[in-house]
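Residue numbers (the working numbering): -12 to 369.
Glycine is no exception: its CB is placed at the ideal position from the N, C-alpha and C atoms.
A short worksheet on the structure shown next.
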């Protein structure tokens, strides 16, 4: 199963911006359409695997409205997919994101919103371990990031988010879903023109319909950002928290490290994170995840890329049957820009993961061919 990640939007707003001069509004529309065909050896990641092939049609429209310091965005996306194996479940995925950016001299407020309805077959391996085409995940989530520049060296940072996840369909009885509100208050200190640290207090609550399984967490986080050079970035954080999970109290730590580098003809990124992850089965799961990605511009018209994902859940989560113990995936692709607005991409991926309630591994191979049309955005000023 190819790893994908859900999309989100962010927007900013600044207090006291009403006195700012306003320029003419600029409207733009950026469409994108793609057609994908694929061959897969084990789409559902089960023991009794049988190969299948399918097709996917994606339509994505991004609307923007820009003023001097404000930008609005609305982006609906629809994906239609069909498979040769009827047990996989044909269907339509959809999402809607909307955003606003407003910059100011001292204040900033970033918000993000997402509403989506997707099949667990295409989107859910890292969130429930259940991969089933007749089960759907419904997500509504939003986030807020407010900053206030106090001095040249200090900035107040307030963050909050909430996610509401539910499921319908064949395996919905095993997926009660959850709500997951989070909040933090911190101070960011600029150490130099290349580095900063942020010290914050945070708390979150995991609300699940699973009996006696609601959880909460409060703690302190220290984050460090540094531009080692103009081309190399480091982002690391560690937190210590008191946590109550399914009625059991303890103290634990989470950590994350991300390294990224821009190359002369490409880029490289490495990351590792150990944290508590919300699962649609109604539990918080202790999880380790490592990723690596690389991009290389082979010619002015051809890009090559490689992506690796490794995920390991806690042994307790595996024994309870609420998550697969491990998941590994590697994908390599070539993208050929055949024209000003057209591109053709070929991707080969392979992966393996453990079965639920077992350490037995199943594997998957997939080949995808994608044709994409992305014309120049249509821009209107007035």
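For residue 203, the pairing in a beta bridge is given by DSSP as 192 and 231. Judged by DSSP in its simplified three-state form, residue 45 adopts strand.
Under the three-state reduction of DSSP, residue 73 is assigned to helix.
The C-beta of residue 106 has 16 or more other C-beta atoms within 10 Å across all chains shown, which makes the residue buried.
DSSP places residue 160 in the helix class (H, G or I) of the three-state scheme. Distance from the CA atom of residue 39 to the CA atom of residue 334, rounded to whole angstroms, is 16 Å. With contacts defined by Cβ atoms closer than 8 Å, residue 12 and residue 365 do not form a contacting pair.
The beta carbon of residue 28 lies closer than 8 Å to those of 36, 38, 350, 351, 352 and 353 in the same chain, with the five residues before and after it left out. Listed in chain order, the non-local C-beta contacts of residue 284 below 7 Å within the same chain comprise 252, 253 and 290, local neighbours out to five positions each way being set aside. Across the structure, residue 162 and residue 16 are spaced so that their CA atoms are roughly 38 Å apart. C-alpha of residue 61 to C-alpha of residue 30: approximately 32 Å in a straight line. Taking 8 Å as the cut-off, the Cβ atoms of residue 172 and residue 207 do not count as close. As DSSP reads the structure, residue 172 sits in a beta bridge with 145 and 188. Excluding sequence positions up to five before and after residue 57, its CB lies within less than 6 Å of the CB of 89, all in the same chain and listed in chain order. Between the stretch 149 to 168 and the stretch 179 to 189 there are fewer than three inter-stretch CB-CB distances shorter than 8 Å, so the stretches are not counted as touching.
Distance from the CA of residue 103 to the CA of residue 129, rounded to the nearest whole angstrom, comes to 12 Å. About 5 Å separates the beta carbon of residue 96 from that of residue 133, a gap short enough to meet the 8 Å contact definition. Cα atoms of residue 292 and residue 169: separation of roughly 34 Å, rounded to the nearest angstrom. In the three-state scheme derived from DSSP, where H, G and I count as helix and E and B as strand, residue 315 is classed as strand. Remark: C-beta atoms of residue 355 and residue 23 approach each other more closely than 8 Å. Between the beta-carbon of residue 69 and that of residue 41 there is about 6 Å, and that keeps the pair under the 8 Å contact cut. Per DSSP, the continuous beta strand (DSSP E) segment holding residue 290 begins and ends at 289 to 300. In the three-state reduction of the DSSP assignment, residue 107 falls in the helix class, which pools H, G and I. About 6 Å separates the Cβ atoms of residue 228 and residue 205, confirming a contact at the 8 Å cut-off. Taking 8 Å as the upper bound for CB-CB distance, residue 87 and residue 47 are not in contact here, some 19 Å apart. Straight across, the Cα-Cα distance linking residue 136 with residue 166 is about 32 Å. Residue range 253 to 266 is occupied by the beta strand (DSSP E) that includes residue 265.
Around the beta-carbon of residue 304, 16 or more other beta-carbon atoms lie within 10 Å, marking it buried. Residue burial annotation: residue 119 is buried, with at least 16 other C-beta atoms found within 10 angstroms of its C-beta.
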